[in-house]
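**Q**
Residue numbers (the numbering used here), protein chains in the order written: chain A, 24 to 138; chain B, 937 to 1048.
If you want it as C-alpha cells, here you go:
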C-alpha cells in the first residue's frame, strides 16, 4: 500500500502571497488531519477532515483553511502569508473511524519558507 | 487543556545501551497514546499505539508502557543502535476525534 503523499515537498513564498498544499491519504482512509511543526511551537493541530467535512479545528487564524475532496484527497490553503508561517506542514491519514484503535500515519511534509 | 511533556529533551548514549524515554500528560482522560519517530527534516513514523485500556505494547526492540491514572508513558529501547538516532515524539488522542496533542520530543543520539 502506498503511504501518505504530500506535494509539493518544498515551497518558497513571499509575505502577503497565498499558498495551497496537497495531501493524498493512504488508499481507503477517509480522515486527513493537518499539523504545523515549528522549532518554537512544536507540532500543532490545524484541522481534520472526514468525508469532505471539517470535523475538528485547532487554534489557528482564519487565514488557514482546508478542504477535502470526494476521493479523500485534501488541500490546505494559507492566505496572506506571514514570516511566522514558515514551517513544516504535515498531513496525517487514518481510517477515520470513531473507534479507539485508529492509528495515524504521516506524510513526509511540505517545507514552506516565507521570505 | 491537555499538555504533554517529554523528558529529557535530548539524550546521548553509547551503542548497545538500553534506554527509557518519558512522556507525561496532564489530562488522564485519553483515548490512546502513540509514539512516533522523526528523522531530521522528515515526516513522522508511527512506532507504537497504546489504547487507554492497555498497559503496554511491544514491537521488536521497542516497548511502550502506559499508566493512564498517573498520566505517564515510557518508551523502552533495548540494545540501542546508531540507526535509532532520531527525535522521538509521543502524542495523546483525547477523544473519538483524530486530534493529537504532541509532546516536544526527545532528541536521541546513539554513538557507535
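Heads up, the beta-carbon is just placed ideally off N, CA and C, and yes, glycines get one too.
Grouping DSSP H, G and I as helix and E and B as strand, with all else coil, what is residue 1019/B?
**A** Within the second chain, residue 1019/B is the residue found at index 83, counting from 1. Helix at residue 1019/B.
**Q** Please report the straight-line C-alpha distance between residue 112/A and residue 76/A, rounded to a whole angstrom.
**A** By one-based count along the first chain, residue 112/A stands at place 89. By one-based count along the first chain, residue 76/A stands at place 53. Residue 112/A and residue 76/A: Cα-Cα distance of roughly 20 Å.
**Q** Mind checking the segment 961-977 of chain B against chain A and listing, in chain order, the residues whose C-beta falls within less than 9 Å of any C-beta there?
**A** Listed in sequence order: 967, 968, 970, 972, 974, 977.
**Q** Is the number of C-beta pairs between the segment 1013-1027 of chain B and the segment 955-975 of chain B that are closer than 8 Å three or more?
**A** Short answer: they touch.
**Q** Are the C-beta of residue 125/A and some C-beta of chain B separated by less than 8 Å?
**A** Taking the first chain and counting its residues from 1, the one referred to as residue 125/A is at position 102. Yes, residue 125/A counts as interfacial toward chain B.
**Q** Answer yes or no: does any C-beta atom of chain D fall closer than 8 Å to that of residue 65/A?
**A** Protein chains in the displayed structure are A and B, and chain D is not among them.
**Q** In the DSSP assignment, find the unbroken beta strand (DSSP E) run with residue 56/A in it and report its ends.
**A** Residue numbering aside, residue 56/A sits at position 33 when the first chain is read from its first letter. Here the beta strand (DSSP E) through residue 56/A covers 54-61.
**Q** Does residue 48/A get closer than 8 Å to chain B when you measure Cβ to Cβ?
**A** Position 25 of the first chain, counting from 1, holds the residue named residue 48/A. Answer no: the Cβ-Cβ gap between residue 48/A and chain B never drops below 8 Å.
**Q** Chain B partners of residue 131/A, CB-CB under 8 Å?
**A** For the purposes of this step, residue 131/A is taken as residue 108 along the first chain, with counting starting at 1. Neighbours of residue 131/A on chain B, chain order: 978, 979.
**Q** Under three-state DSSP, which class holds residue 107/A?
**A** Counting from one through the first chain, the residue named residue 107/A turns up at place 84. Helix at residue 107/A.
**Q** Against chain B, with Cβ distances strictly below 8 Å, would residue 83/A count as a contact?
**A** The residue labelled residue 83/A in the question sits at position 60 within the first chain. Residue 83/A does not count as touching chain B.
**Q** Below 8 Å on the Cβ atoms is my guess for residue 37/A versus residue 137/A; work out the distance and round it to an integer in Å.
**A** Here residue 37/A is taken as the residue at index 14 of the first chain, counted from 1. Here residue 137/A is taken as the residue at index 114 of the first chain, counted from 1. That belief holds up - the Cβ atoms of residue 37/A and residue 137/A are roughly 7 Å apart, short of 8 Å.
**Q** What does residue 87/A reach in chain B if we use C-beta pairs closer than 9 Å?
**A** Looking up residue 87/A in the first chain gives position 64. What residue 87/A touches in chain B: nothing, since even the nearest Cβ is about 15 Å away.
**Q** For a contact defined as C-beta to C-beta under 8 Å, what are the partners of residue 74/A on chain B?
**A** Residue 74/A sits at position 51 when you count from the first residue of the first chain. None at all; the shortest Cβ gap to chain B is about 13 Å.
**Q** Which of the three DSSP states is assigned to residue 29/A in this structure?
**A** By one-based count along the first chain, residue 29/A stands at place 6. Here residue 29/A sits in strand by DSSP.
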